[in-house]
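See structure below.
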Amino acid sequence: MYIFDSVKKTKYKFESLVEGKVSLYVCGPTVYDDAHLGHAKSALVFDLLRRVLEAKGYEVLFARNITDIDDKIINKARDTGLSTAQIAEQFTAAYHRDMTAIGVRPPTLEPKATESIDAMSDMIQKLLDKNHAYRISNGDIYFDTASDKNYLSLSNRQSSENVSRVEKVSEKRHEADFALWKAVNDGSVSFDSPFGPGRPGWHLECSAMIERYVSSGEGKYAIDIHGGGADLLFPHHENEAAQTRCATNHELAAYWMHNGFVTIGGEKMSKSLGNSFFLKDALKAYNGEVLRFYLLSTHYRGDFNFNEEDLIASKRRLDRLYRLKKRLFGLSAAPIETEFKKTLLDALGDDLNVSKAYALIDELIASANDALDRDPKDKAYRQVLLSSLATIEEVMGFGSQNPYAYFQFGLDEATKERIDTLVIQRTEAKKIKDFAASDAIRDELAAMGIAIMDTPSGTFWEIRD
RNA sequence: GGCGGCAUAGCCAAGUGGUAAGGCAUGGGCCUGCAAAGCCCUGAUCCCCGGUUCGAAUCCGGGUGCCGCCUCCA
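Count the first sequence with our numbering and you get residues 517 to 981, in order.
Written out as structure tokens, the structure is:
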């Protein structure tokens, strides 16, 4: 397994801290709104990484947090008249629903910020004890960036001179110092702590939860891999790393991985730009697996420019996998180790070279169709093929749906029945060689967006894009 | 201004020294009553200039263009 470390900017052979085990932590969502395609991309990338590591035999501890307390959640609660807990609960459920739809498996651990306040208090206390943090008169506690000689080493910034746009607080020792704890005295949402009522700083959450739930203890690093979107490298991950480094005797992560952005028209998709494309809306028009296939189709480190034409091209590519599945429908075989699995994992093991993996899948499909044309009854071949397809489902996370249902995405039962009836009528017409009638029915179906295909085992139909 | 990324056929996109994977679209063939599906065939010398090398899309230097981080952000 090779991984590109986005801090050292080099691809390295991956060696886990503990033989046979991997700890992976990814920054999860702040649950104040629905997930957009950028959230989906990030979740998909690390879901794929986790699947690949597992397929390679590692036992993976995969943690992804839920930030369920934050100014944005408070604002949303105020705007809607709901409580922050209700907002957080609502959008956590929405997040889970959307992630499930695109085949992102639930993480091993999903710690919530509000349930980890004591872990954060512990870390703040350690930082205070070691003089890496200080308290100002209103009760806020700040991290002293100047006290960490390695601060800015993660994001490769020379000095904090350019880090001047953080909020101005006169009592801060340095402009770059960031809040660990915000004291609350006005009765708004707060949590009890040894430092009085208040709320934790965002950067602190991840460090504290990693230390509490994931860290293996006293090695050189707390965890193997820390992941997230490229926009988190600075300041979020820089600050996380500083907190962990100063509060404990270890660095935060042995490897850092950052995924590129989803862009629209070449510009980063973000809430602040107002060009967000919500996953739940995309899911109304497209099968979740199609979105998974599409969003994973290019290398994770590059930016991903979303557009519907490419999405349709991806859908057509995935369609081919499902047509092959139709040809094998109902067949099963005991899984065996295949050469395909080895080459697929080799491709993905090279810093998740998905393009290469997709090419292997395309080639598998073409050769399988060819082989099935020549000899549909070759049992040994079918066993190998079924095993290869099972590998695709397990590692890539797509291809697991019923192939007939896949091609009926979005149709209601009445429409399906209507189509089935027409197909039967057409078959009857064909039987008596009334081609004018059968072609007329085919045209009628085409007008409904339905394509039909005659095969040796019967006539099948598909919805067209 | 500081730091970083990207530029490969109509489109998407692999490929870090030896003469360009894969997909979508296009055109052709086989198959088909005709189609669809499927299979096969079909296209680029890799942004520009210079350099290193027997040899570079791949390394170095200089340009041009686009994007991102530096503020919450996947």
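Backbone N, C-alpha and C define an ideal beta-carbon position, used for all residues, glycine too. In this text the structure is predicted, and so the values were computed from the model without any measurement.
Boundaries (first-last residue) of the beta strand (DSSP E) holding residue i
i, result
"leucine 577", "575-580"
"leucine 598", "It is not in any beta strand (DSSP E) - leucine 598 carries neither H nor E in the DSSP assignment."
"valine 620", "Taken as a continuous stretch (DSSP letters only), valine 620 belongs to no beta strand (DSSP E), as it is neither H nor E."
"threonine 779", "778-780"
"aspartate 984", "A query on residue 984 cannot be resolved here, the shown segment of the chain reaching from 517 to 981 and no further."
"aspartate 584", "No beta strand (DSSP E) holds aspartate 584; DSSP gives it neither H nor E."
"threonine 931", "Segment 929-947 is the alpha helix (DSSP H) holding threonine 931; no beta strand (DSSP E) there."
"glutamate 971", "Residue identity check: residue 971 is threonine in the sequence provided, not glutamate. Element bounds for threonine 971: 966-971."
Inter-residue spacing [alpha-carbon to alpha-carbon] between residue i and residue j
i, j, result
"serine 680", "glutamate 691", "In this prediction, serine 680 scores a pLDDT of 46, lower than 50, which makes its location untrustworthy; the coordinate-derived value is nonetheless stated afterwards. So the alpha carbons of these two residues sit roughly 6 Å apart."
"glutamate 756", "leucine 768", "8 Å"
"aspartate 970", "phenylalanine 976", "6 Å"
"tyrosine 729", "threonine 583", "15 Å"
"alanine 896", "alanine 887", "12 Å"
"threonine 600", "threonine 546", "12 Å"
"phenylalanine 562", "isoleucine 940", "46 Å"
"isoleucine 519", "tyrosine 771", "8 Å"
"arginine 942", "leucine 807", "34 Å"
"glycine 573", "cysteine 543", "24 Å"
"leucine 748", "asparagine 821", "19 Å"
"leucine 876", "alanine 738", "36 Å"
"asparagine 678", "glutamine 759", "Summary for asparagine 678: the model assigns pLDDT 47, below 50, so the residue's position carries little reliability, and this model does not support an answer."
"valine 576", "leucine 844", "32 Å"
"glutamine 606", "leucine 670", "35 Å"
"glutamate 531", "alanine 873", "22 Å"
"glycine 554", "aspartate 928", "30 Å"
Whether residue i touches residue j by CB criterion (9 Å)
i, j, result
"proline 623", "arginine 580", "yes"
"threonine 903", "alanine 849", "The question names threonine, yet the displayed sequence has serine at residue 903. Contact: yes."
"tryptophan 472", "histidine 752", "Past the boundaries of the shown model lies residue 472; the chain is included only from 517 to 981, so the question cannot be answered."
"glutamate 805", "glycine 619", "yes"
"tyrosine 802", "phenylalanine 925", "yes"
"glutamate 727", "threonine 764", "yes"
"arginine 715", "serine 723", "no"
"leucine 905", "leucine 564", "no"
"threonine 907", "alanine 571", "yes"
"glycine 776", "lysine 524", "no"
"phenylalanine 923", "isoleucine 979", "yes"
"tyrosine 838", "methionine 773", "no"
"valine 534", "serine 830", "no"
Host alpha helix (DSSP H) of residue i (start-end)
i, result
"serine 904", "895-907"
"threonine 526", "Segment 526-529 is the beta strand (DSSP E) holding threonine 526; no alpha helix (DSSP H) there."
"isoleucine 828", "824-843"
"tyrosine 816", "Neither: tyrosine 816 is in no alpha helix (DSSP H) and is coded neither H nor E."
"glycine 974", "Per DSSP, glycine 974 belongs to no alpha helix (DSSP H); it is in the beta strand (DSSP E), 974-979."
"isoleucine 633", "633-645"
"aspartate 797", "795-801"
"isoleucine 881", "870-890"
"tyrosine 667", "First-last for tyrosine 667: undefined, no H or E at that position."
"cysteine 543", "Note, cysteine 543: premise wrong, no alpha helix (DSSP H); not H, not E."
"phenylalanine 809", "804-811"
Cβ neighbours of residue i in the same chain (closer than 8 Å, five flanking residues each side left out)
i, result
"asparagine 591", "Tyr548"
"aspartate 660", "Asn647, His648, Ala649, Tyr650, Arg689, His690 and Asp693"
Beta bridge counterpart(s) of residue i as assigned by DSSP
i, result
"tryptophan 697", "Ile657 and Pro716"
"isoleucine 519", "Tyr528"
"tyrosine 771", "Ile741"
"valine 538", "Val576"
"glutamate 855", "Beta-bridge pairing links glutamate 855 to no other residue."
"leucine 625", "Ala579"
"tyrosine 729", "In DSSP, tyrosine 729 forms no bridge with anything."
"tyrosine 650", "Tyr658"
"glutamate 783", "Ile780"
"phenylalanine 707", "Gly714"
"aspartate 866", "Tyr518"
Cβ shell of residue i (< 7 Å), same chain only, five flanking positions each side left out
i, result
"methionine 725", "Asn581, Pro627, Ser632 and Ala635"
"glycine 703", "none"
"alanine 559", "Met615 and Val620"
"alanine 884", "Leu840 and Leu901"
"lysine 736", "His766 and Glu767"
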